[in-house]
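Trainee: Can you keep this structure in mind? I'll have questions shortly.
There are 2 protein chains.
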Amino acid sequence: MAEHRLANGRTRIDFATEPSRYRHWRLAVNGDVATLMMDVDEKAGLFEGYDLKLNSYDLGVDIELADAYERIRFEHPGVSAVVLRSAKPRVFCAGANIRMLAGASHTHKVNFCKFTNETRNAIEDASAASGLRTICVINGTAAGGGYELALAADHIILVDDGTSAVSLPELPLLAVLPGTGGLTRLTDKRKVRRDRADVFCTTEEGVKGARAVEWRLVDEATPNSQLETAAAARVREFAEHRRVKSAGADGSPRGIALTSLERTITADRRDYRYVAVAFDRAARLATITLRGPERPPVSVDGMIAQGAAFWPLRLARELDDAILDIRFNETQVAAIVFKSEGDADAVLDYDRFLDAHLPHWLTHAIRSKWRRVLKRIDLTSRSLVALIEPGSCFAGTLAEIVFACDRAYMLIGRRDGDNRRPATLALADINFCDGGPVMSNGLGRLHSRFLGEPAAHEKARAAIGAPLDATAAAALGLVTFALDDIDWEDEIRLFLEERASFSPDALTGMEANLRFGGPETMETKIFARLSAWQNWIFQRPNATGDAGALGRYGSGRKPQFDTSRA
Amino acid sequence: MAEHRLANGRTRIDFATEPSRYRHWRLAVNGDVATLMMDVDEKAGLFEGYDLKLNSYDLGVDIELADAYERIRFEHPGVSAVVLRSAKPRVFCAGANIRMLAGASHTHKVNFCKFTNETRNAIEDASAASGLRTICVINGTAAGGGYELALAADHIILVDDGTSAVSLPELPLLAVLPGTGGLTRLTDKRKVRRDRADVFCTTEEGVKGARAVEWRLVDEATPNSQLETAAAARVREFAEHRRVKSAGADGSPRGIALTSLERTITADRRDYRYVAVAFDRAARLATITLRGPERPPVSVDGMIAQGAAFWPLRLARELDDAILDIRFNETQVAAIVFKSEGDADAVLDYDRFLDAHLPHWLTHAIRSKWRRVLKRIDLTSRSLVALIEPGSCFAGTLAEIVFACDRAYMLIGRRDGDNRRPATLALADINFCDGGPVMSNGLGRLHSRFLGEPAAHEKARAAIGAPLDATAAAALGLVTFALDDIDWEDEIRLFLEERASFSPDALTGMEANLRFGGPETMETKIFARLSAWQNWIFQRPNATGDAGALGRYGSGRKPQFDTSRA
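Chains as they are written, first to last, in the working numbering: chain G, 45 to 610; chain C, 45 to 610.
In structure tokens:
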């Protein structure tokens with residue numbers, strides 16, 4: 045099957061949106077409750093070649109969902125519960141659109157699944173980190189990705205009307221997995237007994253009513269007549285819970301507006317205010333340069349007045365957008381090179397400012413945003429390298445980017461004709477503290493880096509605040525190589541050329557292993573155990589071949605399977 | 045490339061061997077030290093089409109290695125250290141044979157990797173469970189799978205002669221991963237810093253001497269002249285360690301002989317003493333029937349006198365052989381049906397006997413063997429179903445097989461004309477205790493089953509020893525469905541037909557997810573994170589296509605890569 049083209053003549057996928065431009069969701073905020081109504085516009089698919097029937101979704105639908113949760117957290121910080129429901133009668137959501145999947149490239153399928161997984165993780169992150177609970181009301185069919193979306197909620201209410209059901213029919217219908225976290229959330233979040241999970245995942249029509257509750261698939265099954273009462277009761281319960289938790293905080297604060305990102309997009313560049321991306325297409329490189337800030341405001345009021353222009357928030361949003369752009373629109377890029385420029389002391393001042401005001405909802409929300417953006421970087425299947433040169437400002441939060449990279453190179457001393465002081469790297473509390481930007485394995489990046497050498501971890505901690513030159517940073521194990529000016533150009537060039545010469549698939553697999561040493565969590569299981577198996581299945585003719593289940597779905601012809609078991 | 049055929053006209057792979065038949069290893073036992081010398085016979089490959097040069101290996105080599113460790117544990121229980129080394133000059137082991145991989149079917153590649161991983165895990169299991177330490181002496185090149193074999197050891201000594209090196213050149217040379225545990229043992233066992241691991245895994249020539257020690261890749265680097273002294277020192281150290289640990293035990297006990305399994309192999313059956321396998325090829329089913337024992341011996345001496353004929357040991361070895369036979373030789377089998385017949389009380393008597401004599405080396409070794417066999421079942425990519433019928437004896441250790449299955453069906457009451465008492469299921473301490481046969485995720489199967497319902501776990505514990513009929517077993521959550529005679533035949537038939545109709549790949553992926561809820565360990569990471577990515581890569585044209593790296597290796601032609609990053 046020929047791959048689908050983007051709809052409306054577009055040539056790139058844009059991740060920036062806002063509620064007034066939503067085609068598939070309606071966001072309504074009423075006091076401390078937000079209602080997020082799924083009402084997918086059949087004709088507004090991201091690609092040509094399919095209609096988004098029955099609230100089925102493609103990446104475009106998910107981009108809006110991710111945006112909605114970001115806006116609730118920043119623009120409506122007083123909201124304590126989100127009610128997630130469908131505006132369509134008798135259907136909650138039919139899951140990922142099958143024709144979209146059948147006509148998508150392997151690369152798009154993989155990245156689509158990754159993004160939708162990140163969105164569902166963000167829903168759970170809002171609950172775990174900020175007490176923003178999601179109640180999912182299922183008024184009909186929640187099939188496949190539709191039920192997987194529900195699984196991201198804190199509480200699932202299913203209408204008990206004799207027909208409404210939850211189901212994961214991917215395996216029997218499509219010969220693929222419920223890969224948007226479905227299998228992992230069954231076993232690890234809802235802790236469904238494994239044999240019941242087996243029955244559930246092989247039963248096309250799913251499970252209804254009381255059995256769905258008994259099998260732990262939903263939290264409540266309620267007659268249609270009591271649905272609104274049941275939902276309202278849960279909303280009140282969660283609101284109470286949060287009010288207790290946030291006692292002493294800001295009451296019901298006003299949010300800040302997530303204004304549009306200002307971007308200039310040209311053939312080989314993306315220029316934001318604090319982020320610049322330059323593509324070297326011959327070398328298959330993207331260089332992302334992060335710009336440091338001026339001094340921070342003196343007070344919380346100053347931060348709020350700046351709103352979305354506040355440096356840590358603006359940089360995080362710009363960086364997130366740049367990474368997603370590369371993932372989806374620049375699939376030939378082999379490696380992302382991170383550089384920075386600016387005043388490292390000012391970066392550390394911002395970290396101190398955020399630390400000092402951390403009980404405040406906005407500082408908390410910004411730190412949470414950074415955690416998600418950094419996780420997005422960890423999970424980006426491109427080789428990641430940091431180049432630390434004179435004039436750079438990798439310190440505190442920005443140093444986390446160095447630790448997210450597969451390798452970091454640091455220049456010793458000055459270059460001829462460059463009067464800037466030699467490169468330094470600086471650590472801050474944020475690189476160590478428990479509330480810092482943990483990886484999806486639950487550990488901080490330095491903790492994970494030094495799993496075998498706890499003494500090295502402590503030695504690094506003792507260096508907090510000090511400007512570390514290349515030799516010191518290398519001695520502390522914070523960078524991979526410290527090189528002088530004589531070697532720098534050749535070493536970096538050879539490394540990047542070598543990287544571009546390797547098999548992209550093997551690099552993806554290697555990096556997915558080496559980046560995640562140590563413990564696994566539900567989140568890492570979703571991206572490794574579940575997604576890696578799904579990606580394998582996406583390569584198998586039984587799913588995606590000419591006679592495979594995805595292409596033959598709805599054609600009236602049965603798929604032909606190679607029956608040998610691997 | 046055409047797939048290789050088995051050498052010497054063989055039509056099936058046989059897992060039974062013994063030291064006198066080894067072609068690739070020499071096992072010598074001297075007091076409490078075993079030396080296992082790798083000396084691969086180039087011309088004795090399992091398949092046609094390649095020579096096993098430079099101590100490279102195929103499945104045949106690994107079958108002997110696995111056998112050698114089994115024999116050390118049972119036949120030489122007084123051995124406290126294994127010295128693993130090469131008989132070839134200047135080469136330890138070149139890893140999995142590349143031409144073998146290039147000419148193997150996807151199914152064989154996947155199963156080959158799984159078996160070699162299980163063998164390395166068994167080496168670590170011998171250390172962790174029985175204090176049998178392995179010292180690996182690397183006298184030259186340990187490349188790819190060669191270094192991965194070393195990684196399974198407790199202690200790695202590398203000759204420091206300016207040329208000997210350890211390396212994982214899979215990615216740069218072959219566009220695949222170091223998939224025999226290599227990546228996972230780097231990050232999780234040896235805890236190599238991730239950026240160094242990145243450099244190491246992309247450097248064809250590997251790392252030598254002092255740097256290999258500094259990077260935690262080996263434990264010692266020693267000049268050739270001091271190699272034997274260094275190895276002997278470690279052997280003594282480990283022997284001391286074990287002597288302290290096993291003080292009060294049997295001193296230096298005599299082992300038992302692992303006599304040949306007696307099997308009758310016909311077209312559609314495999315008949316052992318306690319295991320019978322029947323194939324229904326039209327239905328793509330293998331039915332494994334386990335036979336229960338008579339009463340156990342009255343004393344340890346009686347057990348030793350029985351030796352390999354002792355029921356729990358013989359059954360475990362037979363079952364292991366049957367599972368491996370299905371994995372490799374019967375790739376069309378969609379589901380394995382487990383049945384049992386015999387006296388459940390006698391099975392429980394055996395469990396009590398083993399419990400009562402557990403400090404004894406042989407009871408300990410048998411329980412360890414069962415742990416490994418049950419893990420092998422968990423990791424078998426076929427649908428697993430237990431049918432519990434009148435006359436069956438699923439109790440204690442045998443009940444673990446029920447809990448390893450994806451589903452269990454139990455018959456309520458009697459069948460017409462069958463006078464045997466209705467089916468029962470019985471639990472024993474072994475199903476709960478910490479020293480029981482844990483899964484590779486570190487949990488017992490019942491613990492894992494009831495992660496969401498600890499109260500159900502305790503309720504099951506309270507039923508230890510009671511013969512549970514179908515209704516009771518279903519109420520306790522121990523079986524999936526209790527069915528009466530009227531429904532039984534149709535339900536089972538429909539289920540098995542349905543299973544055979546599904547995509548084998550999707551089932552493999554689903555079962556690999558649903559069977560391993562809860563925590564992950566290094567072992568589960570190897571079989572999920574690492575192997576699932578490797579299997580994906582094995583499907584990608586960059587590795588296995590006509591212009592891929594595996595096929596072009598050694599041809600003088602460079603592979604052609606699709607450079608888009610998924």
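Even glycine gets a Cβ: it sits at the ideal position worked out from N, Cα and C.
Pick out whichever of C:Thr310, C:Arg134, C:Leu368 and C:Leu392 has its Cα sitting closest to the Cα of Pro340 of chain C.
Mentor: Your numbering for residue 340 of chain C matches position 296 in the second sequence. Looking at the Cα atoms, C:Leu392 is the closest of the given residues.
Trainee: Using three-state DSSP, classify Thr333 of chain C as helix, strand or coil.
Mentor: Sequence index remark: in the second sequence, residue 333 of chain C carries index 289 (1-based). Of the three classes helix, strand and coil, the one that applies to Thr333 of chain C here is strand, per DSSP.
Trainee: Going by DSSP, name the residue or residues bridged to Asp315 of chain C.
Mentor: Mapped onto the second sequence, residue 315 of chain C falls at position 271. Partner(s): C:Thr308 and C:Ala320.
Trainee: What does Met454 of chain G touch in chain C if you count any residue whose Cβ is under 7 Å from its own?
Mentor: On the first sequence, residue 454 of chain G is found 410 positions in, with the first residue counted as 1. Chain C residues near Met454 of chain G: none, gap ~12 Å exceeds 7 Å.
Trainee: Using a Cβ-Cβ distance under 8 Å, would Ser436 of chain G count as near chain C?
Mentor: As a working mapping, residue 436 of chain G is identified with position 392 in the first sequence. With 8 Å as the cut-off, Ser436 of chain G does not count as an interface residue toward chain C.
Trainee: Examine chain G for any beta-carbon lying closer than 8 Å to the beta-carbon of Leu558 of chain C, and answer yes or no.
Mentor: One-based indexing of the second sequence puts residue 558 of chain C at position 514. Yes, Leu558 of chain C lies at the interface with chain G (some Cβ there is under 8 Å from its Cβ).
Trainee: Rounding to the nearest angstrom, what Cα-Cα distance links Ala72 of chain G and Val123 of chain G in this structure?
Mentor: Within the first sequence, the letter at position 28 stands for residue 72 of chain G. Within the first sequence, the letter at position 79 stands for residue 123 of chain G. Their Cα atoms are separated by approximately 11 Å.
Trainee: So, for Arg286 of chain G: in the same chain, excluding its five sequence neighbours on each side, which residues have a beta-carbon less than 6 Å away from its beta-carbon?
Mentor: In the first sequence, residue 286 of chain G corresponds to position 242, counting from 1. Contacts found: Ser124 and Gly175.
Trainee: Counting only runs of 4+ residues fully inside the segment 225-281 of chain C, write out the alpha helix (DSSP H) ranges in chain order.
Mentor: 238-245 and 253-258
Trainee: Output yes if chain C places a C-beta closer than 8 Å to the C-beta of His199 of chain G; else output no.
Mentor: Residue mapping note: residue 199 of chain G aligns to position 155 of the first sequence, counting from 1. So, not an interface residue.
Trainee: Taking 8 Å as the CB-CB cut-off, is Lys252 of chain C touching chain G?
Mentor: Within the second sequence, the letter at position 208 stands for residue 252 of chain C. No, Lys252 of chain C does not count as interfacial toward chain G.
Trainee: Looking at the C-beta of Val154 of chain C, does it have a partner C-beta in chain G at a distance below 8 Å?
Mentor: Residue 154 of chain C sits at position 110 when you count from the first residue of the second sequence. Chain G, which has a Cβ nearer than 8 Å to the Cβ of Val154 of chain C, makes this yes.
Trainee: On the CB-based measure, 16 or more other CB atoms within 10 Å of its CB, does Thr515 of chain G come out buried or exposed?
Mentor: The count along the first sequence starts at 1 and reaches residue 515 of chain G at position 471. Exposed is the call here.
Trainee: If we define contact as Cβ-Cβ less than 8 Å, is Met483 of chain G a contact residue for chain C?
Mentor: Counting from one through the first sequence, the residue named residue 483 of chain G turns up at place 439. Not one chain C Cβ lies under 8 Å of Met483 of chain G.
Trainee: Should Ala60 of chain G be flagged as near chain C, meaning a C-beta pair shorter than 8 Å?
Mentor: Counted from its first residue, the first sequence places residue 60 of chain G at position 16. Answer no: the Cβ-Cβ gap between Ala60 of chain G and chain C never drops below 8 Å.
Trainee: Given a cut-off of 8 Å, decide if Gly561 of chain C and Thr231 of chain G are closer than it, judged by their beta-carbon atoms.
Mentor: Taking the first residue of the first sequence as position 1, residue 231 of chain G is located at position 187. Taking the first residue of the second sequence as position 1, residue 561 of chain C is located at position 517. Contact flag set, yes.
Trainee: Rounded to whole angstroms, what is the Cα-Cα separation between Val238 of chain G and Ala276 of chain G?
Mentor: To locate residue 238 of chain G, count along the first sequence from 1; it is residue 194. To locate residue 276 of chain G, count along the first sequence from 1; it is residue 232. According to the sequence displayed, residue 238 of chain G carries Arg and not Val. Approximately 32 Å between the Cα atoms of the pair.
Trainee: Taking the C-alpha atoms as reference points, what is the distance between Thr310 of chain C and Phe372 of chain C?
Mentor: Along the second sequence, one-based indexing puts residue 310 of chain C at 266. Along the second sequence, one-based indexing puts residue 372 of chain C at 328. Roughly 17 Å separates the two Cα atoms.
Trainee: Please tell me whether Ser608 of chain C has its Cβ less than 8 Å away from any Cβ of chain G.
Mentor: On the second sequence, residue 608 of chain C is found 564 positions in, with the first residue counted as 1. Answer yes: the Cβ-Cβ gap between Ser608 of chain C and chain G drops below 8 Å somewhere.
Trainee: If we cut at 8 Å on Cβ distances, does Cys157 of chain C have a partner in chain G?
Mentor: Taking the second sequence and counting its residues from 1, the one referred to as residue 157 of chain C is at position 113. So no, Cys157 of chain C is outside the interface.
Trainee: In whole angstroms, what separates the C-alpha of Gly292 of chain C from that of Ala186 of chain C?
Mentor: By 1-based counting over the second sequence, the position of residue 292 of chain C is 248. By 1-based counting over the second sequence, the position of residue 186 of chain C is 142. In this prediction, Gly292 of chain C has a pLDDT of 42, which is less than 50 and means its spatial position is unreliable; what the coordinates show is noted afterwards. The straight-line gap from Cα to Cα measures roughly 39 Å.
Trainee: How would you call Leu455 of chain G, buried or exposed, if buried means at least 16 neighbouring beta carbons within 10 angstroms?
Mentor: Residue 455 of chain G sits at position 411 when you count from the first residue of the first sequence. Residue environment analysis places Leu455 of chain G among the buried positions, since at least 16 neighbouring C-beta atoms fall within 10 angstroms of its C-beta.
Trainee: Could you tell me whether the segment 341-350 of chain C touches the segment 437-451 of chain C, using the rule of 3 or more Cβ pairs below 8 Å?
Mentor: no
Trainee: Between Ala353 of chain C and Leu540 of chain C, which are expected to be in contact by the criterion C-beta below 8 Å, what is the C-beta distance as a whole number of angstroms?
Mentor: Within the second sequence, numbered from 1, the residue matching residue 353 of chain C stands at position 309. Within the second sequence, numbered from 1, the residue matching residue 540 of chain C stands at position 496. At roughly 34 Å, the Cβ-Cβ gap does not stay under 8 Å, so Ala353 of chain C and Leu540 of chain C are not in contact.
Trainee: Quick check: the Cα distance between Gly189 of chain G and Leu522 of chain C, rounded to an integer number of angstroms?
Mentor: As a working mapping, residue 189 of chain G is identified with position 145 in the first sequence. As a working mapping, residue 522 of chain C is identified with position 478 in the second sequence. Computed Cα separation, rounded: 30 Å.
Trainee: Ile167 of chain G and Tyr101 of chain G look like a contact to me (Cβ under 8 Å); what is the Cβ gap, rounded to whole Å?
Mentor: Taking the first residue of the first sequence as 1, we reach residue 167 of chain G at position 123. Taking the first residue of the first sequence as 1, we reach residue 101 of chain G at position 57. Contact doesn't hold; Cβ gap of about 14 Å is too wide.
Trainee: Could you tell me which chain C residues have their CB closer than 7 Å to the CB of Ser547 of chain G, listed as they occur along the chain?
Mentor: The sequence position of residue 547 of chain G within the first sequence is 503, counting from 1. Here the neighbours are Ala219, Asn586, Ala587, Ala593 and Phe605.
Trainee: In chain C, which residues lie less than 7 Å from Gln583 of chain G when you measure between Cβ atoms?
Mentor: As a working note, residue 583 of chain G is residue 539 in the first sequence. The answer, in chain order, is Trp580, Gln583 and Arg584.
Trainee: Give every residue of the same chain whose Cβ lies closer than 7 Å to the Cβ of Ile581 of chain G, excluding the five residues on either side of it in the sequence, and list them in chain order.
Mentor: Residue mapping note: residue 581 of chain G aligns to position 537 of the first sequence, counting from 1. Answer for Ile581 of chain G: Val220, Leu221 and Ala587, listed in chain order.
Trainee: Quick one: what's got a C-beta closer than 7 Å to Asp590 of chain C's C-beta in the same chain, skipping five residues either side?
Mentor: Here residue 590 of chain C refers to the residue found at position 546 of the second sequence. Correct list: empty, nothing qualifies.
Trainee: From the beta carbon of Ser64 of chain C, is the nearest beta carbon of chain G less than 8 Å away?
Mentor: Working through the second sequence from its first residue, we reach residue 64 of chain C at position 20. Closer than 8 Å: no.
Trainee: Under the three-state reduction of DSSP, which class applies to Asn74 of chain G: helix, strand or coil?
Mentor: Locating residue 74 of chain G in the first sequence gives position 30, counting from the first residue. Three-state DSSP puts Asn74 of chain G in a strand.
Trainee: For Leu616 of chain G and chain C, any beta-carbon pair shorter than 8 Å?
Mentor: Residue 616 of chain G lies beyond the range of chain G shown here (45 to 610); nothing can be said about it.
Trainee: When the cut-off is 8 Å and only beta carbons count, does Ala51 of chain G lie next to chain C?
Mentor: As a working note, residue 51 of chain G is residue 7 in the first sequence. False, the Cβ-Cβ gap to chain C never drops below 8 Å.
Trainee: Please work out which residues of its chain come closer than 8 Å, Cβ to Cβ, to Pro466 of chain C, disregarding the five sequence neighbours upstream and downstream, and give them in chain order.
Mentor: Position 422 of the second sequence, counted from the first residue, corresponds to residue 466 of chain C. Hits under 8 Å: Pro434, Leu455, Ile456, Gly457, Arg458, Asp513 and Ala514.
Trainee: Using beta-carbon positions only, say whether Trp405 of chain C and Pro481 of chain C come within less than 8 Å of one another.
Mentor: Residue numbering aside, residue 405 of chain C sits at position 361 when the second sequence is read from its first letter. Residue numbering aside, residue 481 of chain C sits at position 437 when the second sequence is read from its first letter. Not closer than 8 Å, so no.
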